[in-house]
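A.B. asks: Encoded as structure tokens, here's the structure I'll be asking about.
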Amino acid sequence: MPELPEVETTLRGITPALLNQRIAAITVRNPALRIPVGESVRKACGRSIARLHRRAKYLLIDTPPADNPSREDDGGLMIHLGMSGSLRICAPDSPLRRHDHVELSLQNGVCLRFNDPRRFGIFTWWDAPSETHPLLRELGPEPLGKAFNGPYLHRRARGLRVAVKNFLMDSRVVVGVGNIYASEALHLAGIHPVRAAGRVSLARYETLVAATREVLQEAIRQGGTTLRDFTAPDSQPGYFAQELRVYERAGEPCLRCGAQVRKRVIGQRSTYFCVNCQR
DNA sequence: AGTGCGGCCTGTCCGC
DNA sequence: TGCGGACAGGCCGCAC
């Protein structure tokens, strides 16, 4: 399901309800996730939530120990929504849903539930600062940060023959760009998704960086993209699907030139593009 | 080292 | 109405 805008929407949705609240209990109803939910998540019990933030598509809930609240990163919960995960804020007595895996009960009575039908998500505890976690250590820059720029992409792409779309979706290169937004950004930038990453000029990488930022920021503004089942923590859908230029629009006219949008599988993922506008 | 692919899961939809 | 197969927004780990 979720790419960066959906994770960001989720973060913004849960933050007001969780910030500075004490965690009273954690209930694991089904530990079967990409990483099995272990007993260690209980370490968060009794601690207060000092900060909620995001790195790539990981949601990080910092719960510093009560005896030393200034050490914000000393332990916290790490959540990844995988393909089908979602978080929702609800009352403790609200009915459980199929595939509710973990539940966080706060002292103020609010409840956070993690639901994930396909179980590709993660809900885990990490003792050390989150950036030292093996899954976060090797990640590339944030797409909305300064380190993601034309010269950087151009340099990283040197000599690579992989399709530029796969390159853009490689989390060691840049994080947060998934299958929807890769197609969208490449269309906006006028770059053919199959073009070898090493054969894209610096100028066009500058354009691609701007396009990626624009697409992601607009999607965040619209509350993410709801194609099938994404909802924010308040159960509201995202509205960016209305703005999609090529994704899932095979056969329909390109909004720029009117040619038919094509669909093609690249790296086992459906890819949408306009052969006329993208070279 | 870069590249491509299988696999993890369930739910939904489509064609027969 | 049932059934098999394809497909779905992520990402790791492995073989070449």
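So the number in my numbering is just where the residue sits in the first sequence, counting from 1, plus 22. Each residue gets a CB set at the ideal place from its N, CA and C atoms; glycine is no exception. No experiment lies behind these values; they were computed from the predicted model shown.
Considering only DSSP beta bridges, list what D122 is partnered with.
C.D. replies: Position 100 of the first sequence, counting from 1, holds the residue named residue 122. Note: D122 sits in a beta bridge opposite N137.
A.B. asks: Exposed or buried, V287, counting other C-beta atoms within 10 Å across all chains shown (16 or more means buried)?
C.D. replies: Translated into the one-based positions of the first sequence, residue 287 becomes position 265. Counting of Cβ neighbours within 10 angstroms places V287 among the exposed residues, the total staying below 16.
A.B. asks: On a Cα-Cα basis, can you pick out the residue from L103, D84, V222 that is closest to N137?
C.D. replies: Counting from one through the first sequence, the residue named residue 137 turns up at place 115. Answer by Cα proximity: L103.
A.B. asks: Specify, as a first and last residue, the run of the alpha helix (DSSP H) that A46 falls within.
C.D. replies: As a first step, residue 46 must be located in the first sequence, where it is residue number 24. It is not in any alpha helix (DSSP H) - A46 instead sits in the beta strand (DSSP E) that spans 45 to 50.
A.B. asks: Taking 9 angstroms as the threshold (C-beta atoms), are K79 and V40 in contact?
C.D. replies: In the first sequence, residue 40 corresponds to position 18, counting from 1. In the first sequence, residue 79 corresponds to position 57, counting from 1. In the sequence as displayed, the identity of residue 40 is Leu instead of Val. For L40 and K79, no; Cβs fall outside 9 angstroms.
A.B. asks: Tell me the DSSP secondary structure of P38 in three-state form.
C.D. replies: Sequence index remark: in the first sequence, residue 38 carries index 16 (1-based). Looking at P38 - three-state DSSP - the assignment turns out to be helix.
A.B. asks: Per DSSP, D84 forms a beta bridge with which residues?
C.D. replies: Along the first sequence, one-based indexing puts residue 84 at 62. D84 is bridged to R73, G98.
A.B. asks: Nearest by alpha-carbon distance to S193: which of R159, E206, S106 is it?
C.D. replies: Sequence index remark: in the first sequence, residue 193 carries index 171 (1-based). With distances taken between Cα atoms, S193 lies closest to R159.
A.B. asks: Return the Cβ separation of I202 and T31 in integer angstroms, given the expectation that the two are a contact with Cβ distance under 8 angstroms.
C.D. replies: The residue you call residue 202 lines up with position 180 of the first sequence. The residue you call residue 31 lines up with position 9 of the first sequence. With a Cβ gap of about 14 angstroms, I202 and T31 do not count as contacting.
A.B. asks: For H214 and G131, what's the separation of their Cα atoms in angstroms?
C.D. replies: Indexing the first sequence from 1 puts residue 214 at position 192. Indexing the first sequence from 1 puts residue 131 at position 109. Between H214 and G131, the C-alpha separation is close to 51 angstroms.
A.B. asks: Using a threshold of 8 angstroms, is the CB atom of C133 nearer than that to any non-hydrogen atom of the ligand ZN?
C.D. replies: Here there are no bound small molecules, and the ligand ZN is not part of this structure.
A.B. asks: Give me the Cα-Cα distance between G19 and M191, rounded to the nearest whole angstrom.
C.D. replies: One cannot answer for residue 19 here, as it falls past the ends of the chain, which runs 23 to 301.
A.B. asks: Flag this pair as yes or no: are the beta carbons of R183 and V124 separated by less than 9 angstroms?
C.D. replies: On the first sequence, position 161 is the one that residue 183 refers to. On the first sequence, position 102 is the one that residue 124 refers to. No, the pair does not count as a contact, with Cβ atoms beyond the cut-off.
A.B. asks: Rounding to the nearest angstrom, what Cα-Cα distance links C276 and R267 in this structure?
C.D. replies: Taking the first residue of the first sequence as 1, we reach residue 276 at position 254. Taking the first residue of the first sequence as 1, we reach residue 267 at position 245. Taking the straight line joining both Cα atoms gives about 7 angstroms.
A.B. asks: Going by the beta-carbon positions, is the gap between F142 and G107 smaller than 9 angstroms?
C.D. replies: Here the question's residue 142 lines up with position 120 in the first sequence. Here the question's residue 107 lines up with position 85 in the first sequence. Closer than 9 angstroms, so yes.
A.B. asks: Could you have a look at Y294 and say whether DSSP puts it in helix, strand or coil?
C.D. replies: Along the first sequence, one-based indexing puts residue 294 at 272. The answer is strand: DSSP assigns Y294 an E or B state.
A.B. asks: I'd like the list of long-range same chain contacts for S205, defined as Cβ closer than 6 angstroms, with 5 residues on each side in sequence excluded.
C.D. replies: Within the first sequence, residue 205 is the residue found at index 183, counting from 1. Excluding residues within five positions, the ones whose Cβ falls inside 6 angstroms are V268, Y269, T293, Y294.
A.B. asks: Under three-state DSSP, which class holds T247?
C.D. replies: As a first step, residue 247 is located in the first sequence; it is residue number 225 there, counting from the start. Looking at T247 - three-state DSSP - the assignment turns out to be strand.
A.B. asks: If you run the structure through DSSP and keep just helix, strand and coil, what is S127?
C.D. replies: Stepping through the first sequence from its first residue, residue 127 is reached at position 105. The answer is strand: DSSP assigns S127 an E or B state.
A.B. asks: Would you kindly work out how many angstroms separate the C-alpha atoms of K285 and A272, rounded to a whole number?
C.D. replies: Locating residue 285 in the first sequence gives position 263, where the first residue counts as 1. Locating residue 272 in the first sequence gives position 250, where the first residue counts as 1. Answer to the nearest angstrom: the Cα atoms are 6 angstroms apart.
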